[in-house]
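Take a look at the structure set out below.
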Amino acid sequence: MSVTDTAADFVRSYAALAPVAFLPELKLHQAEEPIGLWELTEGEYRSEQPPPFWAFAWAGGQALARYLFDHPETAAGKRVLDLASGSGLVAVAAGLTGAASVRAVDIDPLSAAAIGLNATANGVAVDVDQADILGGDAGDAEIVLAGDVFYSQAMADRMTGFLRRAAKNGAQVLVGDPDRAFLPKPLFREVAAYDVPTPFALESVTVKHTRVWELRGPAKA
Numbered sequence: 016m017s018v019t020d021t022a023a024d025f026v027r028s029y030a031a032l033a034p035v036a037f038l039p040e041l042k043l044h045q046a047e048e049p050i051g052l053w054e055l056t057e058g059e060y061r062s063e064q065p066p067p068f069w070a071f072a073w074a075g076g077q078a079l080a081r082y083l084f085d086h087p088e089t090a091a092g093k094r095v096l097d098l099a100s101g102s103g104l105v106a107v108a109a110g111l112t113g114a115a116s117v118r119a120v121d122i123d124p125l126s127a128a129a130i131g132l133n134a135t136a137n138g139v140a141v142d143v144d145q146a147d148i149l150g151g152d153a154g155d156a157e158i159v160l161a162g163d164v165f166y167s168q169a170m171a172d173r174m175t176g177f178l179r180r181a182a183k184n185g186a187q188v189l190v191g192d193p194d195r196a197f198l199p200k201p202l203f204r205e206v207a208a209y210d211v212p213t214p215f216a217l218e219s220v221t222v223k224h225t226r227v228w229e230l231r232g233p234a235k236a
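Quick note on our numbering: the sequence shown kicks off at 16 and runs consecutively.
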């Protein structure tokens with residue numbers, strides 16, 4: 016059995032395919048109980064080593080996906096790059112709203128497996144890239160999407176540099192963020208806000224006020 020097959024089997028075993036209440040347009044493989052899954056993968060939560068993003072519909076990603084469904088012209092007909100894709104939630108939403116192509120990138124092999132499974136479950140085509148591309152650029156992407164990526168200073172610094180390069184090259188950049196401490200707000204303008212239902216075990220609340228931000232163009236930043 017290949018590594019890819021093993022990862023897919025792990026995702027199927029620990030994350031059941033189920034609807035997302037805030038996003039009835041799609042379904043995802045989601046873990047029921049987060050703590051045990053953290054122990055099976057990377058151990059306890061730490062700011063520099065987050066829990067497995069592939070197993071949950073995180074607030075930032077949910078808000079960004081909701082924005083795409085509410086404004087389908089955002090991704091329709093465009094080449095989309097979804098960064099730190101996790102479960103592929105945002106990538107799937109882009110595909111369902113008519114993106115010309117969707118590339119989902121994450122460094123975690125379990126994320127790569129989950130993205131593939133979730134894309135198939137929702138009947139959309141997503142090119143999955145297991146890689147760290149933050150030292151490079153967004154290629155020919157016309158729109159770059161990122162949900163819940165400002166969870167540590169180190170990640171925020173690298174992500175901000177990448178996103179600013181993408182904007183400089185002409186891509187629209189949208190991020191979903193539930194007021195994480197490391198979001199560089201002066202570089203962004205708010206375009207939408209949602210009250211997103213979240214598992215208490217993940218966020219210590221059952222509803223998280225979450226905003227969608229657009230990176231200001233190089234002349235405005």
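In this text, a Cβ means the ideal position worked out from N, Cα and C, and glycines have one as well.
Item	Value
Nearest neighbour of T135, chosen from G110, Q145, L149, A115 [CA to CA]	G110
Whether A72 touches S102 by CB criterion (8 Å)	yes
Beta carbon of V220 nearer than 8 Å to that of V211	no
Whole-Å CB distance - A153 paired with A186, under 8 Å assumed	5 Å
Same chain, Cβ closer than 6 Å to P34, neighbours up to 5 away in sequence not counted	K42
Where G76 falls: helix, strand or coil (DSSP)	helix
I158: first and last residue of the uninterrupted beta strand (DSSP E) it sits in	158 to 162
Opening and closing residue of the beta strand (DSSP E) in which A208 lies	203 to 212
heavy atom of the ligand MG below 7 Å from A161 C-beta	As presented, the structure is devoid of all ligands, the ligand MG included, so that no description of it is given.
Neighbour-count burial assignment, P193, 16 or more Cβ in a 10 Å radius	buried
Span of the alpha helix (DSSP H) around L149	Segment: none, L149 is in no alpha helix (DSSP H) and carries neither H nor E.
Nearest candidate by alpha-carbon position, reference N137, set T21, L32, A22, S28	L32
Cβ-based burial, I122 [other Cβ within 10 Å; buried from 16]	exposed
Cut-off 6 Å between Cβ atoms - residues of its own chain near S116, not counting five sequence neighbours on either side	R94
Entirely enclosed beta strand (DSSP E) segments - the region 101 to 147, minimum 3 residues	116 to 121, 142 to 145
Three-state class that DSSP yields for T221 in the structure shown	coil
Residues near F203 by beta carbon distance below 6 Å, same chain, minus five either side	W228, L230
Identity of the residues DSSP links to R94 by a beta bridge	S116
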